[in-house]
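For reference, the structure discussed in these notes is given below.
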Amino acid sequence: MELHYQRDGCCVGVHGGPRWFVSRQGEVTAQDSAVPASAEGIAADSFRHGPVEVLARAMRGQFCLHASAVLVNATDVVAFVGESGMGKSTLARLIQEATGGGWPRVADDVLPVQMAQGEVVVDPSFLQPKLQPHEQFVRSSDAASLALAAMCLLEPAADDGTVRWRRARGVEAAAVVAGNTMGARLFDRQLLEAHLSFSTAVAAKVQVYRLQYPRQFSVAPQIIAWIAADAGLVHASREGPYGG
Amino acid sequence: MEGERAAETWVRRAASVLSREILDEAVLLDPEGGLYFGVNPTGSLLWSAMAEAVTLSELVRLLVTRFGIPDEQAWGDVRRFVGELERHGLVEILAP
Numbered sequence: 002m003e004l005h006y007q008r009d010g011c012c013v014g015v016h017g018g019p020r021w022f023v024s025r026q027g028e029v030t031a032q033d034s035a036v037p038a039s040a041e042g043i044a045a046d047s048f049r050h051g052p053v054e055v056l057a058r059a060m061r062g063q064f065c066l067h068a069s070a071v072l073v074n075a076t077d078v079v080a081f082v083g084e085s086g087m088g089k090s091t092l093a094r095l096i097q098e099a100t101g102g103g104w105p106r107v108a109d110d111v112l113p114v115q116m117a118q119g120e121v122v123v124d125p126s127f128l129q130p131k132l133q134p135h136e137q138f139v140r141s142s143d144a145a146s147l148a149l150a151a152m153c154l155l156e157p158a159a160d161d162g163t164v165r166w167r168r169a170r171g172v173e174a175a176a177v178v179a180g181n182t183m184g185a186r187l188f189d190r191q192l193l194e195a196h197l198s199f200s201t202a203v204a205a206k207v208q209v210y211r212l213q214y215p216r217q218f219s220v221a222p223q224i225i226a227w228i229a230a231d232a233g234l235v236h237a238s239r240e241g242p243y244g245g
Numbered sequence: 005m006e007g008e009r010a011a012e013t014w015v016r017r018a019a020s021v022l023s024r025e026i027l028d029e030a031v032l033l034d035p036e037g038g039l040y041f042g043v044n045p046t047g048s049l050l051w052s053a054m055a056e057a058v059t060l061s062e063l064v065r066l067l068v069t070r071f072g073i074p075d076e077q078a079w080g081d082v083r084r085f086v087g088e089l090e091r092h093g094l095v096e097i098l099a100p
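As given, the protein sequences belong to chains A and B, one line each in that order. The numbering of the first sequence is this note's numbering, which starts it at 2 and goes up by one. The numbering of the second sequence is this note's numbering, which starts it at 5 and goes up by one.
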């Protein structure tokens, strides 16, 4: 990958392939005529809608969490983060299935988030690469903005397979946010400073948990109940199968 | 650094390091290495004081005054903390 910062933005591209200019305002301009694929075989289109889009949103103050997430009522989103293989996608899918679609997935890999007037707002407009076209979350244009209610860092379950959770606060919570943001290695000092402010602000506002969970369908109801009530994360919708 | 540093050694934050407070703790970021560091409330107090150049003995007095701990304990805390910051290039050590 090529990355060159200038005062008014950043030129980013694939070595020997297409390049884009991302302005400090987050506008993206193609620098070359369309090239179908780079020397490494990376499709230009996926690069434009991957790293370039992540960088453009960061320039606009919107940082992309590497997360899967479910919408637990009309406006509250719960995100699952963690290392690859920890089961982010699996848990979001299990919850969606266990609630009969009552808690739909709004993200399965990329969750754009930003601070807006002191609130942590989710923008589920990112095309989710792991989801089929019919699975993409679509939000009506007049819908209320979505808030990030909680983040759960997934960790391996103990040998007994018990679901356990613990609240993380302060720098521990900020580290969860910062460590699960996509594209941070592309950031220059200005963006890193904005990202640090974002991470601490989100950690101070959102409930962050460490969640040990065995990747089994049988534990989904327990986690759903915890999200709905036990941990007081959010108030479940009265229409939802686990609400009321 | 540890025990070799004189009490009047000056120390201050490295200019490149970014930091933010959260609750009574702090997060430090070294943009060069891309590493984040979490700092506990005591460290956060010392980090705050190092916004300007300050001597090790002034940092010790700060802990003694704030927490009412013995001098030796405060010296140990300051030496360990500043030594750790120095090891990661997060502070500048200035000759006394």
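From the three backbone atoms N, C-alpha and C, an ideal C-beta is built for every residue, glycine too. Predicted, not measured: the structure shown is a model, and the values here were computed from it.
Inset, instruction - Could you pull out every residue in the same chain whose Cβ sits closer than 7 Å to the Cβ of lysine 89 (chain A), ignoring the five residues on either side in sequence? - result: Ala68, Ser69, Phe81, Val82, Gly83 and Leu155
Inset, instruction - With DSSP collapsed to three states, give me the class of glutamate 56 (chain B). - result: For glutamate 56 (chain B), the three-state secondary structure derived from DSSP is coil.
Inset, instruction - In the DSSP assignment, find the alpha helix (DSSP H) that holds glutamate 90 (chain B) and state where it starts and stops. - result: 75-91
Inset, instruction - Give the single residue among A:Asn181, A:Val209, A:His196 and A:Ala185 whose Cα lies nearest to the Cα of serine 85 (chain A). - result: A:Asn181
Inset, instruction - Buried or exposed for alanine 229 (chain A), please, with buried defined as at least 16 other CB atoms from any protein chain shown within 10 angstroms of its CB. - result: buried
Inset, instruction - Buried or exposed for histidine 135 (chain A), please, with buried defined as at least 16 other CB atoms from any protein chain shown within 10 angstroms of its CB. - result: exposed
Inset, instruction - Note down, in chain order, each residue of its chain lying with its Cβ closer than 8 Å to the Cβ of alanine 53 (chain B), except the 5 sequence neighbours on either side. - result: Glu62, Leu63 and Leu66
Legend entry - serine 238 (chain A) (DSSP reduced to helix, strand or coil): Its pLDDT being 39, under 50, serine 238 (chain A) is placed unreliably in this model, and the coordinates cannot settle the point.
Inset, instruction - Quick one: grab the DSSP three-state call for glutamate 173 (chain A). - result: helix
Legend entry - Extent of the continuous alpha helix (DSSP H) run through alanine 221 (chain A): 221-226
Inset, instruction - Confirm, please, whether the CB-CB distance from leucine 149 (chain A) to valine 207 (chain A) is below 7 Å. - result: Yes, they are a contact pair.
Legend entry - CB contact check: glycine 42 (chain B) to chain A, cutoff 7 Å: With 7 Å as the cut-off, glycine 42 (chain B) counts as an interface residue toward chain A.
Legend entry - Rounded separation between leucine 98 (chain B) and leucine 197 (chain A) - CA only: Annotation: leucine 98 (chain B) to leucine 197 (chain A) spans about 28 Å, alpha carbon to alpha carbon.
Legend entry - Where the beta strand (DSSP E) through cysteine 64 (chain A) begins and ends: Going by the sequence as given, residue 64 (chain A) is phenylalanine instead of cysteine. Note, phenylalanine 64 (chain A): beta strand (DSSP E), 64-72.
Legend entry - Extent of the continuous alpha helix (DSSP H) run through arginine 58 (chain A): Its alpha helix (DSSP H) spans residues 54-60.
Legend entry - Against chain A: residues of the stretch 81-97 of chain B by CB proximity under 9 Å: none
Inset, instruction - Anything in chain A within Cβ reach of leucine 50 (chain B), meaning under 9 Å, just list it in chain order. - result: Neighbours of leucine 50 (chain B) on chain A: none; closest Cβ ~15 Å, over 9 Å.
Legend entry - Exposure of valine 73 (chain A), with buried meaning 16 or more beta-carbon neighbours within 10 Å: buried
Legend entry - Cβ of threonine 201 (chain A) within 7 Å of any chain B Cβ: yes
Inset, instruction - Consider the Cβ of glycine 171 (chain A): report whether some Cβ of chain B lies at a distance smaller than 7 Å. - result: With 7 Å as the cut-off, glycine 171 (chain A) counts as an interface residue toward chain B.
Inset, instruction - For chain B, find out if any of its Cβ atoms is closer than 7 Å to the Cβ of alanine 57 (chain A); answer yes or no. - result: no
Legend entry - Within-7 Å CB hit, glutamine 7 (chain A) to chain B: Interface criterion not met: the Cβ of glutamine 7 (chain A) is under 7 Å from no Cβ in chain B.
Inset, instruction - Tell me whether leucine 56 (chain A) is buried or exposed, calling it buried when 16 or more other Cβ atoms sit within 10 Å of its Cβ. - result: buried
Inset, instruction - Can you tell me which of the three DSSP states arginine 140 (chain A) falls into? - result: coil
Legend entry - glutamine 54 (chain A): contacting residues in chain B (beta-carbon distance under 9 Å): The identity of residue 54 (chain A) in the sequence shown is glutamate, whereas the question assumes glutamine. Chain B residues near glutamate 54 (chain A): none, gap ~21 Å exceeds 9 Å.
Inset, instruction - Starting from serine 23 (chain B), follow its DSSP beta bridges and name the residues at the other end. - result: B:Leu32
Inset, instruction - Assign glutamate 12 (chain B) to one of two classes, buried (16 or more other C-beta atoms within 10 Å of its C-beta) or exposed (fewer than that). - result: exposed
Legend entry - N- and C-terminal bounds of the beta strand (DSSP E) containing valine 30 (chain A): According to the sequence displayed, residue 30 (chain A) carries threonine and not valine. Taken as a continuous stretch (DSSP letters only), the beta strand (DSSP E) holding threonine 30 (chain A) covers 29-31.
Inset, instruction - Determine contact between the stretch 169-178 of chain A and the stretch 37-47 of chain B, defined as no fewer than three beta-carbon pairs at a distance below 8 Å. - result: yes
Inset, instruction - Please state whether DSSP places arginine 216 (chain A) in a helix, a strand or coil. - result: coil
Inset, instruction - Could you tell me the distance, in whole angstroms, from the CA atom of serine 47 (chain A) to the CA atom of proline 19 (chain A)? - result: 11 Å
Inset, instruction - Give me the Cα-Cα distance between glycine 93 (chain B) and glutamine 7 (chain A), rounded to the nearest whole angstrom. - result: Their Cα atoms are separated by approximately 26 Å.
Inset, instruction - Report the residue from B:Phe85, B:Glu25 and B:Thr46 whose alpha carbon sits nearest the alpha carbon of glycine 72 (chain B). - result: B:Thr46
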